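S.K.: Quick one: structure below, then a few questions.
Numbering (my numbering), first residue to last: 11 to 76.
As structure tokens, this is what we get:
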């Protein structure tokens with residue numbers, strides 16, 4: 011899989027892990043953009059087994075578009 015935007019870095023975390031604190035520190039000290047917690051990680055994680063082997067491009071595509 012080729013990265014279309016290699017300059018983009020995603021930082022994700024579950025609730026109570028400090029990701030909000032980290033995003034505030036980065037926002038205040040750097041010229042970056044970010045989104046607030048979308049609350050999609052846990053629901054996707056619970057359904058992860060439905061997507062099969064994520065090393066397969068088609069399965070990974072289905073996960074990313076879910």
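All residues carry an ideal CB built from backbone N, CA and C; glycine is no exception.
Computed from a predicted structure; not experimentally measured.
1. Determine the closest residue to residue 42 out of 50, 51 and 32, with distance taken between C-alpha atoms.
2. Is the CB-CB distance between residue 76 and residue 51 below 8 angstroms?
3. Taking the alpha-carbon positions, what's the residue 28 to residue 56 distance?
4. Have a look at 60, 49 and 72 and flag the residue whose alpha-carbon is nearest the alpha-carbon of residue 26.
5. Rounded to a whole number of angstroms, what is the C-alpha to C-alpha distance between residue 30 and residue 23?
M.R.: Considering the structure as presented:
1. Comparing Cα-Cα distances from residue 42 to each of 50, 51 and 32, the minimum goes to 32.
2. no
3. 22 angstroms
4. Nearest option by C-alpha distance: 49.
5. 9 angstroms
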